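Notes follow the structure.
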Amino acid sequence: MSEAHKSRALPAGFVLGSATASYQIEGAATEGGRGPSIWDTFSHTPGKTLGGDTGDVACNHYHRLEEDLDLMAELGLDAYRFSIAWPRIQPTGTGPANKNGLDFYDRLIDGLLERNISPVATLYHWDLPQTLEDAGGWPARSTAEAFGDYAEILGKHFGDRVDTWTSLNEPWCSAYLGYASGAHAPGRTEPAASLAAVHHLNLAHGLALQALRATSTGDPKYSITLNLHVFRGEGENSAEAVRKVDGVANRVFLQPLLDGSYPVDVIADTATLTDWSFVQPGDAEIIKQPLDVLGVNYYSTAKVAHWDGTTPRQMNDGHKDVGHSPWPGCHDVEFLPSEGPYTEMGWNIEPAGLTELLLRLHREYPDVPLMITENGAAFADEVVKDSETPTGYAVHDEKRIDYVNRHIRAALDARDQGADLRGYFVWSLMDNFEWGYGYSKRFGIIRVDYPTGTRIPKDSYHWYRELTHTRELG
Ligand code: GBH
Numbered sequence: 064m065s066e067a068h069k070s071r072a073l074p075a076g077f078v079l080g081s082a083t084a085s086y087q088i089e090g091a092a093t094e095g096g097r098g099p100s101i102w103d104t105f106s107h108t109p110g111k112t113l114g115g116d117t118g119d120v121a122c123n124h125y126h127r128l129e130e131d132l133d134l135m136a137e138l139g140l141d142a143y144r145f146s147i148a149w150p151r152i153q154p155t156g157t158g159p160a161n162k163n164g165l166d167f168y169d170r171l172i173d174g175l176l177e178r179n180i181s182p183v184a185t186l187y188h189w190d191l192p193q194t195l196e197d198a199g200g201w202p203a204r205s206t207a208e209a210f211g212d213y214a215e216i217l218g219k220h221f222g223d224r225v226d227t228w229t230s231l232n233e234p235w236c237s238a239y240l241g242y243a244s245g246a247h248a249p250g251r252t253e254p255a256a257s258l259a260a261v262h263h264l265n266l267a268h269g270l271a272l273q274a275l276r277a278t279s280t281g282d283p284k285y286s287i288t289l290n291l292h293v294f295r296g297e298g299e300n301s302a303e304a305v306r307k308v309d310g311v312a313n314r315v316f317l318q319p320l321l322d323g324s325y326p327v328d329v330i331a332d333t334a335t336l337t338d339w340s341f342v343q344p345g346d347a348e349i350i351k352q353p354l355d356v357l358g359v360n361y362y363s364t365a366k367v368a369h370w371d372g373t374t375p376r377q378m379n380d381g382h383k384d385v386g387h388s389p390w391p392g393c394h395d396v397e398f399l400p401s402e403g404p405y406t407e408m409g410w411n412i413e414p415a416g417l418t419e420l421l422l423r424l425h426r427e428y429p430d431v432p433l434m435i436t437e438n439g440a441a442f443a444d445e446v447v448k449d450s451e452t453p454t455g456y457a458v459h460d461e462k463r464i465d466y467v468n469r470h471i472r473a474a475l476d477a478r479d480q481g482a483d484l485r486g487y488f489v490w491s492l493m494d495n496f497e498w499g500y501g502y503s504k505r506f507g508i509i510r511v512d513y514p515t516g517t518r519i520p521k522d523s524y525h526w527y528r529e530l531t532h533t534r535e536l537g
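If you use the numbering used here, the sequence shown corresponds to residues 64 to 537, in order.
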């Protein structure tokens, strides 16, 4: 029996969850008073998403809430990580709360609590109200301020019942894919603006945590989720290349959030783009809020090298190549293809990277508890007729099971070596709108049949259910 399949017990209290995001699953884009977000605008702009796919209907979760809650209960989840759509709560990003929007998340949160599932709520998973983008978006300070007001509404209304508040999901993506590479909404390609966005996202996190702490009457935990990168350097001068990309990818978030300052090397590397004057006195104190848990999203690693300018530079941002770099200040860094195996996204599979990442965080910030808030894989599923199942179909996805199995083991390896890891959320509960890739990529442990919306639990769902019940990896 190979190491990967030796049975291994989960530690007591280790949280097993699953994750989704509002725009990726809800649909009902114009219902319940929801205003347009930057992702509505972007996905409805020709050429921006594969096949012109949009989140208009998505998984229709908005109308299938009860069924989805029952699937989560059957799965035996300890916790469910979802995001709240800002434009459902404030259709134009400012002003009073929209009652219909609050109602929907009341039903979700109460439905989770009735089923003994802890609600882990993210305030922002990329669906910025379009009105705020029109006023400047994340490169504008006013967006961070508006986010603080939005957080106050949420704290007052849901702060008696939420288990964990997460301010932002992956500000790296919001800043660099949204404002530098343009692969994500709003699709701007302005490297200098992307750095202002970084700061205003950090500031928004700080303002939100202050507002949530001031208004939540329960005893929630406070967190943020980052997509931290694991870089492998190759060849001469690669240490310098790794330092640069690590700066704009990881340390530009970790250091202000946890240490209260920006890395001086990042400020120097980006000096030709900006003088960082958007950082105002007092901002550092606002950003450095006590964190009960740091959320980590992990999928793969990346290989970088020093680029000497003699050959065409390879750039692979892990998303579509749109010709603009999401790496400001890294003009002499080249991205090399990593060794396989790969998922359907083209991302390399390397569980050891997760162990290393968790141990790094433990070494640098030993007092901060960690949670894997996303990990999972897109693979092509094998759908077969099966009269034994309620839907008449079975979905075989052995590769996804293997991916998740190996990554939980890699995470536990880090825990065994001292990392304070509290749990794991598989991405995703169900197939959904995979941003620029539309519906072409499936990450779910539940298959969604488009356009009917029929849910079909995959083999990985049954495997994960087994894990939540036995608490032992098979
Ligand atoms: C997450 O994004 C999202 O939170 C979620 O909504 C999404 O559906 C899910 O993952 C799957 O994509 O180092 O240049 O190769 C993850 C986005 C994926 C962005 C890996 C960076 C590698 C960049 N990240 N990607 S690079």
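For glycine and all other residues, C-beta sits at the position ideal for the given N, C-alpha and C.
These numbers come from a predicted model, not from an experiment.
Within its chain, find whatever has a CB closer than 7 Å to the CB of residue i; leave out the 5 residues flanking it on each side and keep chain order.
i, result
"residue 381", "Because residue 381 sits at a pLDDT of 49, beneath the cut-off of 50, its placement in the model cannot be relied upon, and the following sentence gives the value as read from the coordinates. Around residue 381: 410."
"residue 99", "150, 193"
"residue 524", "138, 508, 509"
"residue 163", "95, 96"
"residue 429", "none"
"residue 498", "247"
"residue 102", "86, 118, 189, 190, 248"
"residue 407", "441, 442, 443, 504"
Do residue i and residue j have their C-beta atoms within less than 8 Å of each other?
i, j, result
"residue 148", "residue 86", "yes"
"residue 229", "residue 183", "yes"
"residue 152", "residue 266", "no"
"residue 134", "residue 486", "no"
"residue 547", "residue 509", "Residue 547 is absent from the structure shown; the chain starts at 64 and stops at 537."
"residue 579", "residue 243", "Residue numbering for the chain in the displayed model covers 64 to 537; residue 579 lies beyond these limits and cannot be assessed."
"residue 189", "residue 238", "no"
"residue 327", "residue 227", "no"
"residue 278", "residue 222", "yes"
"residue 90", "residue 136", "no"
"residue 483", "residue 425", "yes"
"residue 329", "residue 342", "no"
"residue 441", "residue 496", "no"
"residue 415", "residue 473", "yes"
"residue 124", "residue 165", "no"
"residue 224", "residue 174", "no"
Taking the alpha carbon of residue i as the reference point, which residue from the options has its own alpha carbon closest?
i, options, result
"residue 156", "169, 214, 508", "214"
"residue 348", "273, 191, 462", "273"
"residue 459", "400, 103, 514, 519", "519"
"residue 374", "399, 365, 353", "399"
"residue 208", "140, 271, 496, 338", "271"
"residue 452", "69, 522, 389", "522"
"residue 268", "505, 199, 529, 212", "212"
"residue 419", "444, 476, 454, 412", "476"
"residue 334", "94, 311, 290", "311"
"residue 443", "280, 234, 502", "502"
"residue 434", "106, 404, 489, 403", "489"
"residue 401", "253, 365, 283, 423", "365"
"residue 126", "517, 532, 106", "517"
Beta-carbon within less than 8 Å of residue i's beta-carbon, same chain only, minus the 5 sequence neighbours each way: which residues are those?
i, result
"residue 369", "298, 299, 300, 301, 303, 304, 395, 396, 397"
"residue 171", "128, 132, 145, 182"
"residue 322", "351"
"residue 309", "292, 294"
"residue 535", "70, 71, 72, 73"
For residue i, write down the residues that DSSP places opposite it in a beta bridge.
i, result
"residue 518", "511"
"residue 286", "229, 356"
"residue 536", "71"
"residue 224", "Bridge partners of residue 224: none, in fact."
"residue 237", "Partner(s): none; residue 237 has no beta bridge."
"residue 142", "80, 181"
"residue 411", "405"
"residue 365", "294"
"residue 100", "192"
"residue 435", "359, 487"
"residue 502", "Answer is none; residue 502 lacks a bridge partner."
"residue 493", "509"
Tell me the DSSP secondary structure of residue i in three-state form.
i, result
"residue 398", "strand"
"residue 77", "coil"
"residue 296", "strand"
"residue 425", "helix"
"residue 459", "strand"
"residue 445", "strand"
"residue 268", "helix"
"residue 378", "coil"
"residue 201", "coil"
"residue 336", "coil"
"residue 325", "coil"
Spatial neighbours of residue i within its chain, please: C-beta separation below 6 Å, excluding the five flanking residues on both sides.
i, result
"residue 457", "447, 449"
"residue 362", "410"
"residue 332", "307, 392"
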